[in-house]
Amino acid sequence: MGWCTTVSTDPYPNLAWLREHVPVSRLRGGGWFVTGYADARACLADARLSHDDRHGRALADQDRHAVRDLLDMDPPDHSRLRRLLAPAFGAAAVERLAPAITRLCDAELDRFAWHGTADLVRDFAVPVPIAVIHELLGAGGLDYGDPAVLLDVLLRGGLAEPRDPDAVAAAQEHVERVLSAASGGLTGVLRQELGDDELRSMVFTVLVAGSVTTAGLIGCALAQILASGEEHTDLLSGRGPWTPFLDEVLRFHAPVQSSVLRYSREDVAVGDTTVPCGAAVVVSLASANRDPAAFERADTFDPARGSRGGLAFGHGPHRCPGDRLTRVEAEIALRAVFGRLADVRLREPVTWSPDVMLRGPAALPVTFGQREREDETGESHGDL
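With the working numbering applied, the sequence shown covers 1101 to 1484.
Put into C-alpha cells, the structure is as follows:
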C-alpha cells in the first residue's frame, strides 16, 4: 500500500511509540498518520477532512480511483446513498436475516465437520461473510468460486492504496455477475432508486465492506478464544454474553487497523500539528483503540471493561452502517462453531497477517471432535 511506513505481524509496539512521541507523524510519500484516541475521533468526524481524493495533493503518485464508491464520497452524495442502505442494516432487517446466517454457517460447517481438522480462517471465517453478503444482496445462489480468492480481489480492488487495476477489473466483473443473478434483496431496492453507475458502485461497496470487517472479526475472535480458551469457559458453555467479548475483540485486535485516506480541504490543526491543505490523513484505528488515555490497561484483553467507545467501526458520518450485522453475524458464527465442534484445539500457534490496514490470523489450523446433535425427532446423533 502506497502510504505504508512499516508492515508487521505485531504493529502495536511501534504504534505505542508513535502515540507517545509523535502522535501525528509523517507518512512516506507525504501525508499524516494519527495515532491518539482523541485526535483520531476528532479527525473521523471532521468535515474538513474529505473522503474525495480529488482534494488531495499528497501521495500524488497514486492512481486516482476510476470508480467513485461510498468510501470516496462526502455529503450530500454520501448522505443520500447511505440512507438507502440504512433499512437493510437496521435491527429488524438483521433479525430477519439471522435464520439465513445460521443456515449458511451450518452449510460451511457441513463441509468439514466430519474431517476432524480444518483451517478455520480458510474454511469458515472467510466463506461465511462472503455467503451472507451475497444473500443480503439477493444473489445467494451465485457460484462465486473460492471465497478466499474473491475476498482477496475485493480487498485489492476496494481498500488497497493504490488499488490494484487487475483486481478492480475483476471486482467490477463480479459486480456484473451479482447484478445478473440478484432477484430482490438489497440489490432490488437499490435498482429502484439508482442509475446504473451508482448501482454498480453501491453493490461494490456493500460487497467490500460487508465481507472484510466480518471476516476479520470472526477470525480474530476465534484466535482469541483458541489461544486462551480456559478464560472463556462461561462464554463457550452458554453462560456468558457474547456482546462484551466481541466489543473487546474489536477494540483489542482492530480487524480494520486504519481508516481510508482523507484529504484536508484547508489547513487543519490535529493536536499540536497543522495538517496543510491538500494533505492526506490516515487515522490508526488500532492505535486509538489501544490508547491508555482512553482505555485503562489498554494492552490487556478484558471483556468486562466495556469497549463501546472503541473506533473499530469508525466514527462520525462515515461510521460503518453495518456494525449491527457484523456483530450479530459473528455471534451466530461463533455459537455455530463451538456448538457443533467439540474440544477445538490449535495445531500450531496463531500467526497474524502482516498488513497495515487489516489484521487477522493468517490461518487457524485446528483439530476437533464432534458434538452430538438432535435431529427433528429429538434423537441425538453425531455428525456424519
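Cβ coordinates follow ideal geometry from the N, Cα and C atoms, glycine included.
All of these numbers come straight from a predicted model, not from anything done at the bench.
Between Glu-1208 and Phe-1224, is the Cβ-Cβ spacing less than 8 Å? Working through the sequence shown from its first residue, we reach residue 1208 at position 108. Working through the sequence shown from its first residue, we reach residue 1224 at position 124. For Glu-1208 and Phe-1224, yes; Cβs fall inside 8 Å.
Based on the DSSP secondary-structure assignment, which residues constitute the bridge partners of Leu-1236? Reading the sequence shown from its first residue, position 136 is the one you call residue 1236. Paired residues: none, contrary to the question.
CA nearest to the CA of Asp-1264, picked from Val-1253, Arg-1351, Pro-1247: Stepping through the sequence shown from its first residue, residue 1264 is reached at position 164. When only C-alpha atoms are compared, the closest one is Val-1253.
DSSP three-state label for Thr-1135, please. Along the sequence shown, one-based indexing puts residue 1135 at 35. Reduced to three states, the DSSP call for Thr-1135 is coil.
Please list the terminal residues of the continuous alpha helix (DSSP H) segment that includes Tyr-1112. Here residue 1112 corresponds to residue number 12 of the sequence shown, with the count starting at 1. Tyr-1112 -> alpha helix (DSSP H) spans 1112-1121.
Would DSSP call Leu-1159 helix, strand or coil? For the purposes of this step, residue 1159 is identified with residue 59 of the sequence shown, where counting begins at 1. Because the pLDDT at Leu-1159 is just 44, under 50, the model does not fix this residue reliably, and the point stays unresolved.
Where does Pro-1454 sit, in a helix, a strand or coil, going by DSSP? The count along the sequence shown starts at 1 and reaches residue 1454 at position 354. DSSP places Pro-1454 in coil when its eight states are reduced to three.
Here's the rule I'm using: 16 or more other beta-carbon atoms within 10 Å means buried, otherwise exposed. How should Glu-1429 be labelled? As a working mapping, residue 1429 is identified with position 329 in the sequence shown. It is buried - the Cβ of Glu-1429 has at least 16 other Cβ atoms within 10 Å.
Cα-Cα separation, Arg-1424 to Asp-1402: What you label residue 1424 is simply residue 324 of the sequence shown in a count that begins at 1. What you label residue 1402 is simply residue 302 of the sequence shown in a count that begins at 1. Going by the C-alpha atoms only, they are around 21 Å apart.
Do the CB positions of Ser-1384 and Leu-1127 come within less than 8 Å of each other? In the sequence shown, counting from the first residue as 1, residue 1384 sits at position 284. In the sequence shown, counting from the first residue as 1, residue 1127 sits at position 27. No, the Cβ-Cβ distance between Ser-1384 and Leu-1127 is not below 8 Å.
What three-state label does DSSP hand Arg-1427 in the structure shown? Residue 1427 sits at position 327 when you count from the first residue of the sequence shown. It is helical.
So which of Asp-1391, Leu-1250, Trp-1452, Pro-1417 has the shortest CA-CA distance to Glu-1120? Position 20 of the sequence shown, counted from the start, is the residue given in the question as residue 1120. With distances taken between Cα atoms, Glu-1120 lies closest to Asp-1391.
For Gln-1292, does the count of other Cβ atoms within 10 angstroms reach 16, so buried, or fall short, so exposed? Within the sequence shown, numbered from 1, the residue matching residue 1292 stands at position 192. Gln-1292 is exposed by the Cβ-count criterion.
Confirm, please, whether the CB-CB distance from Leu-1317 to Leu-1350 is below 8 Å. Against the sequence shown, residue 1350 aligns to sequence position 250. Against the sequence shown, residue 1317 aligns to sequence position 217. Yes, the Cβ-Cβ distance between Leu-1350 and Leu-1317 is below 8 Å.
Between the Cα of Gly-1238 and those of Val-1356, Ala-1282, Ala-1270, spot the shortest distance and give me the residue it belongs to. The residue you call residue 1238 lines up with position 138 of the sequence shown. Ranking Val-1356, Ala-1282, Ala-1270 by Cα distance to Gly-1238 puts Ala-1282 first.
Boundaries of the alpha helix (DSSP H) in which Ala-1323 is found, first to last residue: Counting from one through the sequence shown, the residue named residue 1323 turns up at place 223. First-last of the alpha helix (DSSP H) with Ala-1323: 1296-1327.
With 16 other Cβ atoms within 10 Å as the buried cut-off, status of Asp-1210: The sequence position of residue 1210 within the sequence shown is 110, counting from 1. It counts as exposed.
Under the DSSP definition of a beta bridge, which residues are partnered with Val-1383? Position 283 of the sequence shown holds residue 1383. Per DSSP, Val-1134.
Buried or exposed by the 16-neighbour rule on C-beta atoms within 10 Å, applied to Trp-1342: By one-based count along the sequence shown, residue 1342 stands at place 242. The residue is buried, with at least 16 neighbouring Cβ atoms inside 10 Å.
Is the beta carbon of Ser-1358 sitting closer than 8 Å to the one on Met-1457? Position 258 of the sequence shown holds residue 1358. Position 357 of the sequence shown holds residue 1457. Yes; because the gap between Cβ atoms is below 8 Å, this pair is in contact.
Is it buried or exposed, Ser-1337, if we count other Cβ atoms within 10 angstroms and call 16 or more buried? Sequence index remark: in the sequence shown, residue 1337 carries index 237 (1-based). Per the 10 Å Cβ criterion, exposed.
In this structure, how does DSSP classify Phe-1224 when only helix, strand and coil are distinguished? Along the sequence shown, one-based indexing puts residue 1224 at 124. Helix, per DSSP.
Quick one: is Asp-1297 near chain D, going by C-beta distance under 8 Å? Any reference to chain D falls outside this structure, which holds one protein chain only.
Which runs of the alpha helix (DSSP H) spanning at least 4 residues fall entirely within the stretch 1392-1449, listed in chain order? 1423-1440
What's the C-alpha gap between Val-1381 and Arg-1471? Here residue 1381 refers to the residue found at position 281 of the sequence shown. Here residue 1471 refers to the residue found at position 371 of the sequence shown. Taking the straight line joining both Cα atoms gives about 49 Å.
Could you check which residue in Pro-1465, Leu-1434, Arg-1447, Phe-1468 has the C-alpha nearest to that of Ile-1201? As a first step, residue 1201 is located in the sequence shown; it is residue number 101 there, counting from the start. Considering only alpha carbons, the answer is Leu-1434.
In chain order, what residues of the same chain lie with their CB nearer than 6 Å to the CB of Gly-1469, ignoring the 5 residues before and after it? Residue 1469 sits at position 369 when you count from the first residue of the sequence shown. Closer than 6 Å at Cβ, skipping near neighbours: Ala-1442, Asp-1443.
Please classify Arg-1164 as buried or exposed, where buried requires at least 16 neighbouring CB atoms within 10 angstroms. As a first step, residue 1164 is located in the sequence shown; it is residue number 64 there, counting from the start. With a pLDDT of 45 at Arg-1164, under the threshold of 50, the modelled position of this residue cannot be trusted, and the question is left open.
For the pair the stretch 1135-1149 and the stretch 1364-1375, tell me if three or more CB-CB distances fall below 8 Å. yes
In its own chain, which residues sit with a C-beta less than 7 Å from the C-beta of Ala-1213, not counting the 5 before and 5 after it? Looking up residue 1213 in the sequence shown gives position 113. The residues are Arg-1440, Leu-1441, Gln-1470, Asp-1483.
Do Leu-1286 and Val-1308 count as a contact pair if the criterion is CB distance below 8 Å? Taking the sequence shown and counting its residues from 1, the one referred to as residue 1308 is at position 208. Taking the sequence shown and counting its residues from 1, the one referred to as residue 1286 is at position 186. No; because the gap between Cβ atoms is not below 8 Å, this pair is not in contact.
Thr-1314 and Pro-1229: beta carbons closer than 8 Å? Within the sequence shown, numbered from 1, the residue matching residue 1314 stands at position 214. Within the sequence shown, numbered from 1, the residue matching residue 1229 stands at position 129. Result yes, Cβ atoms of Thr-1314 and Pro-1229 sit closer than 8 Å.
CA-CA distance, Thr-1467 and Gly-1340? By 1-based counting over the sequence shown, the position of residue 1467 is 367. By 1-based counting over the sequence shown, the position of residue 1340 is 240. Their Cα atoms are separated by approximately 24 Å.
Taking the C-alpha atoms as reference points, what is the distance between Ala-1166 and Ser-1280? Looking up residue 1166 in the sequence shown gives position 66. Looking up residue 1280 in the sequence shown gives position 180. Since pLDDT at Ala-1166 reaches only 45, below the 50 mark, its modelled position is unreliable, and no value is offered.
Can you list, in chain order, the residues of its chain whose CB lies under 6 Å from that of Asp-1110, leaving out five sequence neighbours each side? Translated into the one-based positions of the sequence shown, residue 1110 becomes position 10. Contacts found: none.
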